[in-house]
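Below you'll find the structure, written out as structure tokens, and then a few comments.
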Amino acid sequence: MTRIAIVGPGAIGGTVAAWLAQNEALEIAVCARSPLTDLVIETQLGTISANPEVLTDPAQAKVVDWVLVTTKTYSADDTKPWLDLLVGEGTRVAIVQNGVEQVRLFEHLVPADRLLPVMINLPATRKAPGRIVQSGHGIIAVPAGSDGDDFVALFAHTEIEAATHEDFLSQLWVKLCGNCGSIIPSLTLRATGPVWSADLEAMVRGLAQECALVGRAEGADVPDSVVEKVVDTLRSMPEGAVGGSIHADRLAGNPMEVDARNGVIVRLGEKHGIPTPINRMLVTLLAASASPWVRGT
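Written out as structure tokens, the structure is:
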């Protein structure tokens, strides 16, 4: 029996936990702030449910084979009480988060050779604690190697498509390019499609181009077609649509992953001497317009 603990059963963590729990060979526990009765996920393939063990106090935790951290990036240090008790000699820790700095954010908490960075594309929305809607196909990418192979095997009986990649770095930066444009609807609180203009298009393209340039400097392969896909996506965003999780978080008054999605582009741009004026400007404006308790940076 493989024992898995998922720290942070929000939309992503809850969906992953429910899918993994469909395999009786896996023993699933979720580490949550508040009690949960069960998990019910509405998917395009039908509704799935699960009754994993729910831990609400780190003192309840025991060593497991895998820890999957699915919290927001700004909550890395908050996971320490859980990791201190979940991680044993053979435990591997998968960081299932946005951005390109999964290892950097956790290597002071867990030895770097135990960490597995994970890129996930999983359209899921939490409607209530333990109640989630998965609106599309899930994709996971991890670095090639034995840890990656073992992690992918966990998802063999799920709808989520997991695979290892020799060029994992490019997987991260391609996704970041797709995510970085979400700062615009997060700032304006409106879908971009209905207000599309030549000036807005130039701003969106500039955001993605800056991300691609910095990613390439970091060693990633980010084709120009990725930039154009970002433009096409925001151009076609319909009225009333929520443009990504930071848009949803701002609407809800929650902390936002601005640093992981756009601030990192500015920081690594400075490292390589690459100007990132559009990302810098919008990060500054979003920080100035959001209340201190919802910035998350």
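Just so we're aligned: the sequence shown equals residues 1058 to 1354 in the working numbering. Every residue gets a Cβ at the ideal spot worked out from N, C-alpha and C, and that includes glycine.
Residues Val1271 and Thr1333 of the same chain have their beta carbon placed closer than 6 angstroms to that of Gly1326, with the five preceding and five following residues left out of the count. The straight-line gap separating the alpha-carbon atoms of Val1323 and Ser1302 is approximately 20 angstroms. The three-state secondary structure of Arg1090, taken from DSSP, is coil.
Taking a contact to require three or more Cβ pairs closer than 8 angstroms, the stretch 1112–1130 and the stretch 1138–1146 qualify as touching. Distance from the CA atom of Val1087 to the CA atom of Arg1183, rounded to whole angstroms, is 15 angstroms. Apart from the 5 residues on each side of it in sequence, Gln1266 sits with its Cβ closer than 6 angstroms to the Cβ of Val1284 in its chain, given in chain order.
With contacts defined as CB atoms closer than 8 angstroms, Arg1307 and Val1288 fail to qualify as a contacting pair. Here Leu1102 is exposed, its C-beta having fewer than 16 other C-beta atoms within 10 Å. Straight through space, the alpha carbons of Glu1164 and Asp1134 are spaced by roughly 11 angstroms. Excluding sequence positions up to five before and after Thr1094, its CB lies within less than 7 angstroms of the CB of Gly1187, all in the same chain and listed in chain order. At the C-beta level, Gly1297 and Ala1248 come within 8 angstroms of one another. One Cα belongs to Cys1237, the other to Lys1286, and the distance between them is close to 12 angstroms. The C-beta of Ala1277 has 16 or more other C-beta atoms within 10 Å across all chains shown, which makes the residue buried. Here Pro1174 is bridged, per DSSP, to Ile1152. Taking the C-beta atoms as reference points, Val1064 is found no nearer than 8 angstroms to Thr1148. The alpha-carbon of Leu1173 is positioned some 19 angstroms away from that of Ile1085. Residue burial annotation: Val1160 is exposed, with fewer than 16 other C-beta atoms found within 10 angstroms of its C-beta. Apart from the 5 residues on each side of it in sequence, Gln1191 sits with its Cβ closer than 6 angstroms to the Cβ of Thr1072, Ile1098, Thr1100 and Ala1181 in its chain, given in chain order.
With a 10 Å radius around the Cβ and a threshold of 16 neighbouring Cβ atoms, Asp1256 comes out exposed. Counting the other Cβ atoms within 10 Å of the Cβ of Pro1251 gives fewer than 16, which makes it exposed. Per DSSP, the continuous alpha helix (DSSP H) segment holding Gly1235 begins and ends at Phe1225 to Cys1237.
Beta-bridge annotation (DSSP): Leu1102 is not paired with any residue. Take Ser1239, set aside five residues on each side of it, and the residues of its chain with a beta-carbon closer than 8 angstroms to its own are Gly1300, Gly1301, Ser1302, Ile1303, His1304 and Arg1318, in chain order.
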